[in-house]
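Colleague: Right, I'll just put the structure down here and ask away after.
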Ligand code: FES
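In this note's numbering, the protein residues as written are 10 to 111.
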């Protein structure tokens, strides 16, 4: 694939996260203090949508059982058992447009 436009910078406010669907794949786009990141939206524990969880700094907490992932690289940061990290994707900002490379 390639880089896919997911919206404008104004669509993703700082401290907010939003699920977008790219070619059937659910991706979570996060704005951390003006720096944009994209990771898989589907929790690797039991499949919850992380967009329905909460964001604190760069850490997204799954709303179902509390797994915490770092949005910058998709790494698991806290959970009682080892579960897979999330895939992360490159985000490119050109003018006002946000692209995700998948
Ligand atoms: S589904 Fe995310 S922690 Fe269980």
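Note that the Cβ used here is the ideal one computed from N, Cα and C, for glycine as well.
Just to confirm, does residue 76 get its C-beta within under 6 Å of one of the non-hydrogen atoms of the ligand FES?
Modeller: Flag set: Cβ of residue 76 near the ligand FES.
Colleague: Straight-line CA distance for residue 48 to residue 62?
Modeller: Using only the alpha carbons, I get a separation of about 14 Å.
Colleague: Applying the criterion that 16 or more other CB atoms from any shown protein chain within 10 Å of the CB defines a buried residue, is residue 107 buried or exposed?
Modeller: The residue in question, residue 107, is buried, as its Cβ has 16 or more Cβ neighbours within 10 Å.
Colleague: Where DSSP assigns a beta bridge to residue 99, which residues make up the other side?
Modeller: Answer by DSSP bridge pairing, in chain order: 110.
Colleague: Going straight from the alpha carbon of residue 32 to that of residue 51, what length do you get?
Modeller: In a straight line, the C-alpha of residue 32 is about 15 Å away from that of residue 51.
Colleague: Exposed or buried, residue 109, counting other C-beta atoms within 10 Å across all chains shown (16 or more means buried)?
Modeller: Residue 109 comes out buried.
Colleague: Among the candidates 45, 54, 66 and 91, whose CA atom is the shortest distance from the CA of residue 19?
Modeller: Closest option to residue 19, Cα to Cα, is 45.
Colleague: At a cut-off of 6 Å, is residue 80 close to the ligand FES when judged by its beta-carbon and the heavy atoms of the ligand?
Modeller: Residue 80 Cβ: outside cutoff for every heavy atom of the ligand FES.
Colleague: Please give the ranges of any alpha helix (DSSP H) in the region 33-90, keeping only runs that are unbroken, at least 4 residues long and fully inside the region.
Modeller: Segments of the alpha helix (DSSP H) lying fully in the region 33-90: there are none.
Colleague: Between 90, 27, 103 and 41, which lies nearest to residue 58 when the distance is taken from Cα to Cα?
Modeller: Of the listed residues, the one whose Cα sits closest to residue 58 is 27.
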